[in-house]
Amino acid sequence: MNGLSQAETVESQFGPRAELYLQSAVHAQGEDLAHFAAMLAEDGAGSRVLDMGCGGGHMSFAAAPFVQEVVAYDLSPEMLSVVAHAAGDRGFGNLLTEQGEAEALPFEDASFDWVVSRFSAHHWTGWRAGLREAHRVMRPGGRGVFIDVVSPGAPALDTYLQTVEVLRDTSHVRDYSAGEWEAALAESGFMVQATRRHRLRMEFGTWIARMRTPEVMANAIRSLQAAVADPVRQHFAIEADGSFMIDVATFEVVRGF
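Heads up, the sequence shown stops at 257 in the UniProt record's numbering, and the numbers go up one at a time, no gaps.
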C-alpha cells in the first residue's frame with residue numbers, strides 16, 4: 001500500500017502531467033467544449049464562472065472571452081501553475097486560479113453565476129458532496145454544465161470501463177451512468193434542463209502516454225481487451241491497437257430560486 005489519501009493520489013498522478021493535459025487534443029477541443037463556449041457567448045456577459053477541477057484549464061479558456069471573471073479551481077498546484085501561465089500567454093487577465101478540493105469549496109454561498117466541470121468528477125472521492133458544494137456556491141437562477149465520461153450502465157460494460165480506467169490511472173474513483181448523474185444532480189437541488197451525449201475515440205498510445213501508465217498496467221489493459229466478450233468489444237469499438245470509444249455526457253442544469 002502507498003499510504004496516500006485520495007487527494008494525495010490525485011496530486012501525485014496529475015501534478016507531474018500538467019503540461020500534457022494542457023496540450024492534450026482530447027481535452028483542448030470537442031463538440032462539448034464548443035457548445036459550452038456558444039452558451040456563454042449568448043448568455044455569459046458580466047458573469048462570474050467557477051471551473052471545478054479545471055485540469056488543463058480548457059473550460060476556463062473557453063469561458064474567459066465571454067465573461068467578467070473565471071476562477072480555475074483544482075486540487076493540483078502544478079496544474080494551476082500551468083493554467084495561470086497559459087492564461088497569461090493568451091491575454092486572459094480575468095482568469096484567476098485557486099487550489100482546493102471539490103468537496104469543500106472555499107467560496108461564499110451564491111457567489112457564482114455559472115459552475116462548470118469537465119472530465120473531473122470521476123476523481124472526486126465525495127461526488128455528491130462536490131455537487132452539493134457546486135449548488136451552494138451558485139446563485140439562485142445560476143447555470144451549470146457538468147461534462148464527464150459516463151458508464152454505459154450494463155454490468156459487464158460498467159465492470160470493463162471501471163477496470164481499464166483504474167489500471168490506467170489509480171486516482172480514478174468511478175464513471176457514473178447518465179441516470180446516476182441526473183438523480184444526483186436533482187438530489188443536490190439542481191434542475192436538469194438537458195442531457196447531451198456523444199462518443200469520444202481514445203487513441204491507446206496517447207491515452208496511456210498522457211498518464212505515463214506503467215508498462216505492467218498498460219499490458220494488463222491490453223490483455224483484458226483481448227479477453228473480453230464480444231458485446232463489450234463491440235460497445236467500446238476496441239481496435240487492434242487498443243484504441244476504443246467511450247461515452248461522454250453533458251448535463252446542463254439551473255439552480256432554482
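Note that the Cβ used here is the ideal one computed from N, Cα and C, for glycine as well.
| Query | Result |
| --- | --- |
| Distance check for Phe146 and Ala37, CA to CA, integer angstroms please. | 14 angstroms |
| Taking 8 angstroms as the threshold, find out whether the stretch 189-208 comes into contact with the stretch 247-257 through three or more Cβ pairs. | yes |
| Please go through the same chain and pick out, in chain order, the residues whose beta-carbon is closer than 8 angstroms to the beta-carbon of His172, but skip the five residues on each side of it. | His122, His123, Gln162, Glu165, Val166 |
| When you compare only the Cα positions, how much space is there between Ser60 and Val70? | 6 angstroms |
| Fully enclosed by the UniProt domain "Methyltransferase type 11" (50-145), which beta strand (DSSP E) runs are 3 residues long or longer? | 69-74, 95-99, 112-118 |
| Taking the straight line between their C-alpha atoms, what separation do you get for Arg118 and Arg201? | 17 angstroms |
| What residue from Trp127, Asp113, Val137 has the CA that sits closest to Arg143's CA? | Asp113 |
| Would you check if the distance between the CB atom of Leu105 and the CB atom of Ala72 is smaller than 9 angstroms? | no |
| Does the Cβ of Ala257 have 16 or more other Cβ atoms within 10 Å, making it buried, or fewer, making it exposed? | Here the sequence assigns Phe to residue 257, which means Ala is not the residue at that position. By the neighbour-count rule (16 or more Cβ atoms within 10 Å), Phe257 is not buried but exposed. |
| Can you find a CB in chain C that lies within less than 9 angstroms of the CB of Ser47? | Included in the structure is just one protein chain, with no chain C present. |
| Starting from His35 and walking both ways along the alpha helix (DSSP H), at which residues does that stretch end? | 31-43 |
| Under 6 angstroms Cβ to Cβ from Phe92, same chain only, skipping five residues before and after it: list those, please. | Ala64 |
| For Gln234, count the other beta carbons within 10 Å of its own beta carbon; 16 or more makes it buried, fewer makes it exposed. Which is it? | exposed |
| Can you give me the start and stop residues for the beta strand (DSSP E) that Phe244 sits inside? | 244-255 |
| Cβ of Ala102 within 9 angstroms of Cβ of Gly57? | no |
| Alpha carbons only, please: which of Arg168, Val150, Ala62 is nearest the one belonging to Gln181? | What sits at residue 181 in the sequence shown is Trp, not Gln. Nearest option by C-alpha distance: Val150. |
| If you measure between the beta carbons of Asp74 and Leu80, is that distance less than 9 angstroms? | yes |
| Let me know the secondary structure DSSP gives Val173 once reduced to three states. | coil |
| Across which residues does DSSP place Ile147 in a beta bridge pair? | Arg118, Thr250 |
| Could you tell me the boundaries of the beta strand (DSSP E) in which Ala194 lies? | 190-202 |
| Per DSSP, what kind of secondary structure is Arg212 in: helix, strand or coil? | coil |
| Looking at the secondary structure, which residues open and close the alpha helix (DSSP H) in which Ala156 lies? | 155-168 |
| Could you give the distance in angstroms between the alpha-carbon of Gly153 and the alpha-carbon of Asp247? | 11 angstroms |
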